Amino acid sequence: MDVASVGEVVKSSTDDNYVVLQLPSYLPLRKHGGNENMEVDGVVTVADENSDEHTNSEDNDIVRDLSELSEGQLGELRIHADGSAKLYIGNAVFDVMHGTPYQHAEQVVRLDSENQQCVIMGTSSARLTCVPDVTALLL
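One gets the working numbering by counting positions in the sequence shown from 1 and adding 10 to each.
Next up, the structure:
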């Protein structure tokens, strides 16, 4: 499949047939309140775990795990006229392209740890991979 058909794949999702977006392992995002715009952390500081640099207040604003993000909309997926797609999360831009095809049946589930339940939402027909847009990084 080519990148031009990403828009068609997204549009083909239904209430019980999902498209999975595979994001990078680390998203340089900052915590934000419900009314604030999400910003991208442009500076990465590598420090020893025992270092005092880890205790500064700005470092505490960096999201270390997806569970630290507020619920709701993470970003915006824009599908262009040519069928290609870009994902916008804060100031970060990601190219969206086809991921590896499934070798077996995949289902999307919701884990409810509070009630100790696993709810099957439906099947996943496609996987889309999001990679940072190099052009946007250079600007």
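No residue lacks a Cβ here, since even glycine has one placed at the ideal position from N, Cα and C.
These numbers come from a predicted model, not from an experiment.
In whole angstroms, what separates the C-alpha of leucine 31 from that of serine 134? Position 21 of the sequence shown, counted from the start, is the residue given in the question as residue 31. Position 124 of the sequence shown, counted from the start, is the residue given in the question as residue 134. Distance between the alpha carbons of leucine 31 and serine 134: 10 Å.
Let me confirm a value: alanine 115 is counted as buried when at least 16 other C-beta atoms fall within 10 Å, else exposed. Which label applies? Within the sequence shown, numbered from 1, the residue matching residue 115 stands at position 105. Label assigned to alanine 115: exposed.
Distance, glutamate 124 Cα to alanine 91 Cα: Translated into positions along the sequence shown, residue 91 becomes position 81. Translated into positions along the sequence shown, residue 124 becomes position 114. Their Cα atoms are separated by approximately 43 Å.
Inter-residue Cα distance where the pair is leucine 84 and tyrosine 98: The residue given as residue 84 occupies position 74 in the sequence shown. The residue given as residue 98 occupies position 88 in the sequence shown. Using only the alpha carbons, I get a separation of about 9 Å.
DSSP state of histidine 90 mapped onto helix, strand, coil: Position 80 of the sequence shown holds residue 90. DSSP places histidine 90 in coil when its eight states are reduced to three.
Cβ-based burial, glycine 82 [other Cβ within 10 Å; buried from 16]: Here residue 82 refers to the residue found at position 72 of the sequence shown. Around the C-beta of glycine 82, fewer than 16 other C-beta atoms lie within 10 Å, and the residue is accordingly described as exposed.
Determine the closest residue to arginine 137 out of Asp143, Asp122, Ala146 and Val118, with distance taken between C-alpha atoms. Residue numbering aside, residue 137 sits at position 127 when the sequence shown is read from its first letter. Per the Cα distances, Val118.
Measure the C-alpha to C-alpha separation of lysine 96 and valine 144 and round it to an integer number of angstroms. Here residue 96 refers to the residue found at position 86 of the sequence shown. Here residue 144 refers to the residue found at position 134 of the sequence shown. Those two C-alpha atoms are separated by around 12 Å.
For glycine 109 and asparagine 27, which I take to be in contact (beta-carbon distance under 8 Å), what is that distance rounded to the nearest angstrom? Along the sequence shown, read from residue 1 onward, the residue named residue 109 stands at position 99. Along the sequence shown, read from residue 1 onward, the residue named residue 27 stands at position 17. At roughly 16 Å, the Cβ-Cβ gap does not stay under 8 Å, so glycine 109 and asparagine 27 are not in contact.
In chain order, what residues of the same chain lie with their CB nearer than 7 Å to the CB of leucine 121, ignoring the 5 residues before and after it? Mapped onto the sequence shown, residue 121 falls at position 111. The answer, listed in chain order, is Cys128.
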